[in-house]
Amino acid sequence: MSAPPTDRPAVRPRSGRRPIPPLIFLLVLALAALTVWWSVLQDEQERDAQQAAACTSAAAAPPSLDPGTLSVRVFNATDQGGLAQSVAAELQGRGFVVEEIANDPTSREVTGVGEIRHGPRGNDAAAFLGLFLRGAGDYLDTRATAVVDLVLGPEFVFPDSLTSPEDVAAALRSVSSASAAC
Numbered sequence: 001m002s003a004p005p006t007d008r009p010a011v012r013p014r015s016g017r018r019p020i021p022p023l024i025f026l027l028v029l030a031l032a033a034l035t036v037w038w039s040v041l042q043d044e045q046e047r048d049a050q051q052a053a054a055c056t057s058a059a060a061a062p063p064s065l066d067p068g069t070l071s072v073r074v075f076n077a078t079d080q081g082g083l084a085q086s087v088a089a090e091l092q093g094r095g096f097v098v099e100e101i102a103n104d105p106t107s108r109e110v111t112g113v114g115e116i117r118h119g120p121r122g123n124d125a126a127a128f129l130g131l132f133l134r135g136a137g138d139y140l141d142t143r144a145t146a147v148v149d150l151v152l153g154p155e156f157v158f159p160d161s162l163t164s165p166e167d168v169a170a171a172l173r174s175v176s177s178a179s180a181a182c
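The sequence shown begins at 1 in UniProt numbering and counts up one residue at a time.
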């Protein structure tokens, strides 16, 4: 006689394999993939931030202008006689158009190496001239022309306070290369 039929499935004997080691392997693999993607995304964010910073500095950088198109007045606000004349001669040698050479006609106190005075129409010219005088202050006034005043201050030392032509050219090259990257 045979055994009565049952609706229960036959019980399989255990295969002896444990599911834990493959699960641990998959978890380690997933963590490694997550770490790689995290690193890739961080690198991409750093590159984007560097490019944005370069573009911002390129936008704020002084323009590259032809010195012959700028009108500059050189004023001496120090007690050194002939300083404005020496600086004006140097600027003319570098191609600038010097309209006037005199002592500072204003009663404004100048500190440091000097300041660059200009109106709104002279913003680009003042930024460009600022490349030639390291540490000069910027003073925006209400003049309607694009004429820029270079006022020499008490800490100005001729010719050390003027930026060398090579350094100015290098600064303009770095600005143009940063602009090209944007």
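Cβ coordinates follow ideal geometry from the N, Cα and C atoms, glycine included.
Burial state of residue i, where buried means 16 or more other Cβ atoms lie within 10 Å
| i | result |
| --- | --- |
| Ala53 | exposed |
| Gly95 | exposed |
| Ala32 | exposed |
| Ala49 | exposed |
| Gly81 | exposed |
Start-to-end residues for the beta strand (DSSP E) that takes in residue i
| i | result |
| --- | --- |
| Gly114 | 114-118 |
| Ala102 | 97-103 |
| Ser71 | 71-76 |
| Leu152 | 148-152 |
Beta-carbon proximity check, residue i vs residue j, cutoff 8 angstroms
| i | j | result |
| --- | --- | --- |
| Ser64 | Val97 | no |
| Val87 | Phe158 | yes |
| Val74 | Glu115 | no |
| Pro154 | Thr78 | yes |
| Gly130 | Val113 | no |
Paired residues, beta bridge with residue i - DSSP
| i | result |
| --- | --- |
| Leu34 | According to DSSP, Leu34 bridges with nothing at all. |
| Asp138 | Ile116 |
Endpoints, alpha helix (DSSP H) assigned at residue i
| i | result |
| --- | --- |
| Ser86 | 83-93 |
The segment 118-133 contacting the segment 32-47, beta-carbon criterion three pairs below 8 angstroms: No contact exists between the segment 118-133 and the segment 32-47.
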